[in-house]
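Heads up, the thing below is written out as structure tokens.
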Amino acid sequence: MVELGSVTRALLAIAHDGADERALAERICQACVTGLDVDGAVISVLTASVSRETLWATDATAELLEELQFTLNEGACMEAAATGSPVLIPDLHHSTETARWPMFAAAVAEQTDVRALFALPLQWGTVNVGVLDLYRIAPGGLSAAQRRDAVSASETATLLILGLRTDPGHSDPERDGGMSWLDQSHSSRAEIHQATGMVLAQLGVSAQEALARMRGLAFVEQRLLIDVARDVVSRRLRFTEEMR
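Using my numbering, the letters of the sequence shown correspond one by one to residues 2 to 245.
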């Protein structure tokens with residue numbers, strides 16, 4: 002059994018306290034700074050789209066890194082969003098990978114003291130929810146344990162953010178009976194159950210993947226999960242492989 006890292010444990014605790022989106026992003030960033038030996042963190046959502054938004058930055062340097070990448074449309078954050086894979090640069094001054102982002106690398110060197118940058122995609126299935134960016138002033142990579150914790154934490158953060166954006170019951174403990182949306186019993190609502198079964202049949206995937214597809218579409222279209230489910234049940238919406 003793999004032991005959960007300190008950051009992942011901290012994020013799992015947040016799942017039960019009804020934090021709103023920006024408060025959640027702040028606490029995710031703070032947990033990463035505390036538990037991963039980094040100097041700053043920033044979370045963006047819809048990173049690769051024109052609707053991108055910075056939810057929280059721990060400091061001015063983190064905010065500048067985000068602005069540079071958005072302005073120049075290149076960098077570790079943009080690559081993580083596009084590929085769905087972590088981009089880990091232990092030394093920005095001595096890495097061949099930065100050749101892919103010449104303008105960003107030059108701007109970071111000129112305008113900041115940042116040496117290491119770690120971009121972790123907030124990814125669920127084929128949907129990129131956003132990116133968690135971490136930086137260090139001193140060069141140096143994440144240890145193996147830190148990397149495992151960072152990846153696990155980014156997966157947990159994805160679920161938390163996606164839940165807040167697509168499930169109106171998550172932030173209402175009284176209506177939910179104090180039950181986290183991460184508990185699969187949240188889908189006991191008949192329409193979501195029925196829609197999950199229909200998408201499962203349409204795509205030939207597991208129930209978990211079918212629910213993920215519906216949540217992903219809800220996120221991209223900035224709708225509630227229940228509204229997508231109702232469209233599926235009423236046959237106004239049919240999922241196909243081309244919708245990946």
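Even glycine gets a Cβ: it sits at the ideal position worked out from N, Cα and C.
Everything numeric in this text was worked out from a predicted model, so none of it was measured.
query                                                                                                                      : result
Cβ contact check for the segment 143 to 162 and the segment 188 to 204: 3 or more pairs under 8 Å                          : no
Through-space distance from ASP21 to VAL102, alpha-carbon basis                                                            : Residue identity check: residue 102 is Trp in the sequence provided, not Val. One C-alpha to the other measures close to 34 Å.
Cut-off 6 Å between Cβ atoms - residues of its own chain near GLN195, not counting five sequence neighbours on either side : VAL234
C-beta atoms of ALA42 and ALA83 nearer than 8 Å                                                                            : no
ALA26 and VAL8 closer than 8 Å at C-beta                                                                                   : no
Burial state of GLU67 (16 or more Cβ within 10 Å)                                                                          : buried
ALA219 beta carbon less than 8 Å from that of LEU212                                                                       : no
Spatial neighbours of VAL128 in its chain, beta-carbon cut-off 7 Å, leaving aside the 5 residues before and after          : GLY217, PHE220 and VAL221
CA nearest to the CA of ALA145, picked from ARG28, MET215 and PRO91                                                        : PRO91
THR55 and GLU64 closer than 8 Å at C-beta                                                                                  : yes
CA-to-CA distance, LEU165 to ILE138, given in whole angstroms                                                              : 32 Å
GLN223 to LEU238 span [Cα, whole Å]                                                                                        : 16 Å
Extent of the continuous alpha helix (DSSP H) to which ASP21 belongs                                                       : Looking at the DSSP string, ASP21 is not in any alpha helix (DSSP H), and its letter there is neither H nor E.
Exposed unless 16 or more other CB atoms sit within 10 angstroms - verdict on GLU111                                       : exposed
CB of GLY85 within 8 Å of CB of ALA117, strictly                                                                           : no
Ordered list of beta strand (DSSP E) runs contained in the segment 43 to 126, each at least 3 residues                     : 54 to 58, 88 to 90 and 117 to 125
Continuous beta strand (DSSP E) stretch holding ARG137: start and end                                                      : 128 to 137
Residue nearest to SER45 in terms of C-alpha spacing, selected from ASP134, GLU156 and ASN74                               : ASP134
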